[in-house]
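Same order as they appear, the protein sequences are chains A and B. For the first sequence, this note's numbering begins at 1 and goes up steadily by one. For the second sequence, this note's numbering begins at 1001 and goes up steadily by one. Ideal placement from N, C-alpha and C gives every residue a C-beta, glycine not left out. A quick note: this is a predicted structure, and the numbers were derived from the prediction, not measured. In what follows, a structure is listed as structure tokens, so that the remarks can point back to it.
There are 2 protein chains.
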Amino acid sequence: MHVPRGERLTAQDIARKVGVHPSTVSRALNPATRHRLSEEVAARILQAAAEAGYVRNDLAASLRTRRSETIGVVLPDITNPVFPPILEGIEAVLAAEGYVAMVANGGADEERQRLVVERLLARQVDGLILATASLRDTIVELCLAAQAPIVLVNRSEPDADHRVSSVVSDDMRGMKLAVDHLVSLGHRRIGHIAGPQNLSTGKGRLEGFTAAMKAHGLSAPAVDVVVAPAYARDAGREAARRLLERQPDLTAVVAANDLLAIGLYDELAARGLSCPDDLSVVGHNDMPFVDLMSPPLTTVRIRHREMGEQAAGLLLRKVRGEAEGGLDVVLKPDLVVRASAGQPRQPGTRP
Amino acid sequence: MHVPRGERLTAQDIARKVGVHPSTVSRALNPATRHRLSEEVAARILQAAAEAGYVRNDLAASLRTRRSETIGVVLPDITNPVFPPILEGIEAVLAAEGYVAMVANGGADEERQRLVVERLLARQVDGLILATASLRDTIVELCLAAQAPIVLVNRSEPDADHRVSSVVSDDMRGMKLAVDHLVSLGHRRIGHIAGPQNLSTGKGRLEGFTAAMKAHGLSAPAVDVVVAPAYARDAGREAARRLLERQPDLTAVVAANDLLAIGLYDELAARGLSCPDDLSVVGHNDMPFVDLMSPPLTTVRIRHREMGEQAAGLLLRKVRGEAEGGLDVVLKPDLVVRASAGQPRQPGTRP
DNA sequence: TTGAAAGCGCTAACAA
DNA sequence: TTGTTAGCGCTTTCAA
Chain A
1 MHVPRGERLT AQDIARKVGV HPSTVSRALN PATRHRLSEE VAARILQAAA EAGYVRNDLA
61 ASLRTRRSET IGVVLPDITN PVFPPILEGI EAVLAAEGYV AMVANGGADE ERQRLVVERL
121 LARQVDGLIL ATASLRDTIV ELCLAAQAPI VLVNRSEPDA DHRVSSVVSD DMRGMKLAVD
181 HLVSLGHRRI GHIAGPQNLS TGKGRLEGFT AAMKAHGLSA PAVDVVVAPA YARDAGREAA
241 RRLLERQPDL TAVVAANDLL AIGLYDELAA RGLSCPDDLS VVGHNDMPFV DLMSPPLTTV
301 RIRHREMGEQ AAGLLLRKVR GEAEGGLDVV LKPDLVVRAS AGQPRQPGTR P
Chain B
1001 MHVPRGERLT AQDIARKVGV HPSTVSRALN PATRHRLSEE VAARILQAAA EAGYVRNDLA
1061 ASLRTRRSET IGVVLPDITN PVFPPILEGI EAVLAAEGYV AMVANGGADE ERQRLVVERL
1121 LARQVDGLIL ATASLRDTIV ELCLAAQAPI VLVNRSEPDA DHRVSSVVSD DMRGMKLAVD
1181 HLVSLGHRRI GHIAGPQNLS TGKGRLEGFT AAMKAHGLSA PAVDVVVAPA YARDAGREAA
1241 RRLLERQPDL TAVVAANDLL AIGLYDELAA RGLSCPDDLS VVGHNDMPFV DLMSPPLTTV
1301 RIRHREMGEQ AAGLLLRKVR GEAEGGLDVV LKPDLVVRAS AGQPRQPGTR P
């Protein structure tokens, strides 16, 4: 065991210094109770505390008040480019309210996620923001059982019983934007590289794609869908390979995610095919720097920072008892037109 | 004020259930003291705790033990692509040791950073990892005064008195790799878009660039340096504009950072110039997806995840009193050759 | 091997 | 307006 470092000053020390009782110090330091003190005493305490460099022990305060002003954030993978802006949004809102974020990378493994959430709960977080992956998992159950306020971000619970709140993008609309754009360019044979079907975004976007195609009177075999097992570049490439083999007639593909679109780029390059001349591509997310790729990716933009802000705001309201039950926030995505989707190649030709 | 949610079980509750004293429960739950108990009692306690779903209140334990097993991580900007892998590395090492990370976005503002660090200190973090920006700031002083163990990551303290430890990349070597590569391609007139000179990476890389050029017998006016005020795309573009105006003879530019290199790409595109035909470009960091840009960026790779791992490991050793004073870890970078640097254009020509 | 007692530093009900 | 008292839930001597 290590030796604890230099003793810190306590409210007792300040009290002694000023000649008041510790509870008076506590009252002076808390803006909400300060007015119950004479201005003169409050001022003397504040000054003495500042002079001595006193810093309150928030742990002790939390133990007493049962509020830690700490929020747990569980991510599956911080290196996935969608999460940093979400985290930034969360952090900004929390900081403005005096809260801090305890961030834990849960990974994809359910068991490890359980552990992470339990550890956060043991640290008495006031609530949790879950950006974890799987659609119906035990983590939500765990939090619910612990009566911890939670908000899901970038995913939602499938069941309509609205036990939990979530902040998501409108995937139906997103896919409609993508498909409408391609159809307006003249495409009729459009494929979809879908995301994992155990994720709400994977399922929702597939649904949105199908609905949008149907709205244009388009259906199989003009349509083909392949499911990628993960939102990852290599999974996208592998899915693209299967899709292009199965349906060489396709003139355009909508990917459920920019990473998958990049995998599709890889496969096109490997086949010596050109985008958009041989195949038009539309992604989803508008993650950073996709405007710099060759060709710049046309994609559906999700405002991730705002997602994080909304999630943190919603959670804080729950923590304070101002919001109850399952309240969903749905953000509107936009289409960002760049250069990866163009007119279809000559009808009937195959690349 | 919100109503505290459902009461949680305490060690007392478990003690009552099993018919032992709370301190016995504590001993059973702690693997380090469990052996001092009869196996039978320990087993009964463990089972009762598991059955009842007991979760220890870590806050109370921390208050008593003066160890929070929590590490504060201060970042200037989580959306900067270098930080997610660093954070991932930190988080992985901490998690393996039972620690969690409290992450706070400090921003660039010193005052706000102070606040953030103070808040973390108040929460009794056992130590801090600072990835914050400025070279000589008050934040380090603040931590030192509070006697909090700290490790700097991706920056170091300039003064050689080695008060603090840091984990950095070997920028001298990184710039040498970049310059050697360009020189071997035939370049003689090479410019540098330097990073902010109040950051150790900005300063170090400029130094490395100058030294590497000198080693080849190259100096002004074959050399020109322009300083970007921030590691950002637009700052890079603006710096590139100044550099290209001032020195149209340059055939190659080394950027102190990939973001700056991207800004340079932007400026080249705006001028209708081609990379690498008109100008060769080498970046620094190898951030995700620069291999997908057009042209794929030749750059110096830094192993950011490992930086995070090393920083966390080093800090944990300090927290445990196993490491003292200023211990620096320097990681070796590599050159990743892609397509943004080629042979120089015809000598004497200007693009 | 287990229990008893004390206290980490703070806040909040209650008293004065 | 301020002090007194008690206790948040845990761990850790000390004693048995």
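Start and end of the beta strand (DSSP E) containing Gly127 of chain A? As a position in the first sequence, residue 127 of chain A is number 127, starting the count at 1. Element bounds for Gly127 of chain A: Gly127 to Leu130.
Taking 8 Å as the cut-off, does the segment 65 to 81 of chain A touch the segment 97 to 114 of chain A (at least 3 CB pairs, one atom from each stretch)? yes
Val1100 of chain B: contacting residues in chain A (beta-carbon distance under 9 Å): To locate residue 1100 of chain B, count along the second sequence from 1; it is residue 100. Under the 9 Å cutoff, chain A gives Gly72, Met102, Val103, Ala104, Val116, Arg119, Leu120 and Arg123.
Could you please tell me which residues of the segment 1045 to 1063 of chain B, in chain order, have their CB closer than 8 Å to any CB of chain A? Gly1053, Val1055, Arg1056, Asn1057, Asp1058, Leu1059, Ala1060, Ser1062 and Leu1063
Excluding sequence positions up to five away, which residues of its chain have a Cβ less than 6 Å from the Cβ of Ala1212 of chain B? Walking along the second sequence from the start, residue 1212 of chain B turns up at place 212. Contacts found: Met1175, Lys1176 and Val1179.
Quick check: the segment 52 to 67 of chain A against the segment 277 to 290 of chain A, are there 3 or more CB pairs under 8 Å? no
What residue range does the alpha helix (DSSP H) around Ile1045 of chain B cover? Counting from 1 along the second sequence, the entry for residue 1045 of chain B is found at position 45. It spans Glu1039 to Ala1052 - the alpha helix (DSSP H) in which Ile1045 of chain B sits, taken as one unbroken run.
Length of the line joining the Cα atoms of Ala11 of chain A and Val41 of chain A: Position 11 of the first sequence, counted from the start, is the residue given in the question as residue 11 of chain A. Position 41 of the first sequence, counted from the start, is the residue given in the question as residue 41 of chain A. For Ala11 of chain A and Val41 of chain A, the distance between alpha carbons rounds to 15 Å.
DSSP state of Asp224 of chain A, grouped into three classes? On the first sequence, position 224 is the one that residue 224 of chain A refers to. The answer is strand: DSSP assigns Asp224 of chain A an E or B state.
For chain A, find out if any of its Cβ atoms is closer than 8 Å to the Cβ of Tyr1231 of chain B; answer yes or no. Numbered from its first residue, the second sequence carries residue 1231 of chain B at position 231. Output row for Tyr1231 of chain B: interface = no.
Consult DSSP for Asp1328 of chain B and reduce its assignment to one of helix, strand or coil. Counting from 1 along the second sequence, the entry for residue 1328 of chain B is found at position 328. If DSSP states are grouped into helix, strand and coil, Asp1328 of chain B belongs with the strands.
Alpha-carbon to alpha-carbon, Gly1127 of chain B and Ala1145 of chain B: Taking the second sequence and counting its residues from 1, the one referred to as residue 1145 of chain B is at position 145. Taking the second sequence and counting its residues from 1, the one referred to as residue 1127 of chain B is at position 127. Their backbone Cα atoms lie some 13 Å apart in a straight line.
Suppose contacts are defined by Cβ-Cβ distances below 8 Å. Is Val1140 of chain B in contact with Val1164 of chain B by that definition? Position 140 of the second sequence, counted from the start, is the residue given in the question as residue 1140 of chain B. Position 164 of the second sequence, counted from the start, is the residue given in the question as residue 1164 of chain B. Going by C-beta atoms, Val1140 of chain B is nearer than 8 Å to Val1164 of chain B.
With His304 of chain A as the anchor, note down where its beta strand (DSSP E) starts and where it stops. As a first step, residue 304 of chain A must be located in the first sequence, where it is residue number 304. Counting along the chain, His304 of chain A falls outside any beta strand (DSSP E), though it belongs to the alpha helix (DSSP H) covering His304 to Val319.
Along chain A, which residues have their Cβ under 8 Å away from the Cβ of Ile1014 of chain B? Translated into positions along the second sequence, residue 1014 of chain B becomes position 14. Those within 8 Å of Ile1014 of chain B in chain A number zero; the least Cβ separation is about 14 Å.
Which residue comes first and which comes last in the alpha helix (DSSP H) that contains His1284 of chain B? On the second sequence, position 284 is the one that residue 1284 of chain B refers to. That residue, His1284 of chain B, is in no alpha helix (DSSP H); its beta strand (DSSP E) goes Ser1280 to Asn1285.
Among A:Arg8, A:Asp58 and A:Glu7, the one whose alpha carbon lies nearest that of Ser26 of chain A: In the first sequence, the residue the question calls residue 26 of chain A occupies position 26. Comparing Cα-Cα distances from Ser26 of chain A to each of A:Arg8, A:Asp58 and A:Glu7, the minimum goes to A:Asp58.
If you draw a straight line from the alpha carbon of Arg242 of chain A to that of Ala255 of chain A, how long is it in whole angstroms? Residue numbering aside, residue 242 of chain A sits at position 242 when the first sequence is read from its first letter. Residue numbering aside, residue 255 of chain A sits at position 255 when the first sequence is read from its first letter. Distance between the alpha carbons of Arg242 of chain A and Ala255 of chain A is about 14 Å.
How would you write the range of the alpha helix (DSSP H) that Asp1334 of chain B sits in, first residue to last? Counting from one through the second sequence, the residue named residue 1334 of chain B turns up at place 334. Asp1334 of chain B -> not in any alpha helix (DSSP H); beta strand (DSSP E) instead, spanning Asp1334 to Val1336.
My guess is that Arg1388 of chain B and Thr1298 of chain B are in contact by the Cβ rule of under 8 Å, so how many angstroms apart are they, rounded? The structure shown does not extend to residue 1388 of chain B, since chain B is modelled only from 1001 to 1351, so the question has no answer here.
Can you name the residues that DSSP bridges to His1192 of chain B? If you number the second sequence from 1, residue 1192 of chain B lands on position 192. B:Val1225 and B:Val1254, per the DSSP bridge assignment.
Taking 8 Å as the CB-CB cut-off, is Arg5 of chain A touching chain B? Within the first sequence, numbered from 1, the residue matching residue 5 of chain A stands at position 5. Bear in mind that the predicted position of Arg5 of chain A carries a pLDDT of just 47, short of 50, making it too unreliable to give a figure here.
Counted within 10 angstroms of its Cβ, other Cβ atoms place Gly1204 of chain B as buried (16 or more) or exposed: Stepping through the second sequence from its first residue, residue 1204 of chain B is reached at position 204. Label assigned to Gly1204 of chain B: buried.
Using 8 Å for Cβ pairs, my map puts Leu331 of chain A next to Glu306 of chain A. What's the rounded Cβ distance? By one-based count along the first sequence, residue 331 of chain A stands at place 331. By one-based count along the first sequence, residue 306 of chain A stands at place 306. So it is a contact: roughly 6 Å between Cβ atoms.
Which residues of chain A have a Cβ atom closer than 9 Å to the Cβ of Thr1138 of chain B, listed in chain order? Numbered from 1 along the second sequence, position 138 holds the residue referred to as residue 1138 of chain B. By Cβ distance, chain A contributes nothing, its closest Cβ being about 13 Å from Thr1138 of chain B, past 9 Å.
Just the chain B side, please: which residues come within less than 7 Å of Phe289 of chain A by C-beta, in chain order? Locating residue 289 of chain A in the first sequence gives position 289, where the first residue counts as 1. The answer, in chain order, is Phe1289.
Contact under 8 Å by Cβ, Thr210 of chain A with Asn154 of chain A: On the first sequence, position 210 is the one that residue 210 of chain A refers to. On the first sequence, position 154 is the one that residue 154 of chain A refers to. Cβ distance not < 8 Å, so Thr210 of chain A and Asn154 of chain A don't count as in contact.
Closer than 8 Å, CB to CB, is Pro76 of chain A near chain B or not? Sequence index remark: in the first sequence, residue 76 of chain A carries index 76 (1-based). It does not: the Cβ of Pro76 of chain A has no partner Cβ on chain B nearer than 8 Å.
Contacts that Met307 of chain A makes with chain B (C-beta to C-beta distance below 9 Å): If you number the first sequence from 1, residue 307 of chain A lands on position 307. Simply none; closest approach about 13 Å.
Euclidean distance between Cα positions of His1002 of chain B and Asp266 of chain A: As a working mapping, residue 1002 of chain B is identified with position 2 in the second sequence. As a working mapping, residue 266 of chain A is identified with position 266 in the first sequence. With a pLDDT of 34 at His1002 of chain B, under the threshold of 50, the predicted position of this residue should be treated as unreliable, and no value is reported.
Go ahead and pull the three-state DSSP assignment for Ile78 of chain A. As a position in the first sequence, residue 78 of chain A is number 78, starting the count at 1. Here Ile78 of chain A sits in coil by DSSP.
Quick one: which chain A residues come within Cβ less than 7 Å of Thr1079 of chain B? Mapped onto the second sequence, residue 1079 of chain B falls at position 79. Pro84, Pro85 and Glu88, listed in chain order.
Would you mind working out which of A:Glu97, A:Ile190, A:Thr132 and A:Leu316 sits nearest Arg114 of chain A, comparing C-alpha positions? The residue labelled residue 114 of chain A in the question sits at position 114 within the first sequence. Closest by alpha carbon: A:Thr132.
Quick check: Val319 of chain A and Pro149 of chain A, are their CB atoms within less than 8 Å of each other? Taking the first residue of the first sequence as 1, we reach residue 319 of chain A at position 319. Taking the first residue of the first sequence as 1, we reach residue 149 of chain A at position 149. Yes; because the gap between Cβ atoms is below 8 Å, this pair is in contact.
What would DSSP say about Ala215 of chain A, mapped onto helix, strand or coil? For the purposes of this step, residue 215 of chain A is taken as residue 215 along the first sequence, with counting starting at 1. Of the three classes helix, strand and coil, the one that applies to Ala215 of chain A here is helix, per DSSP.
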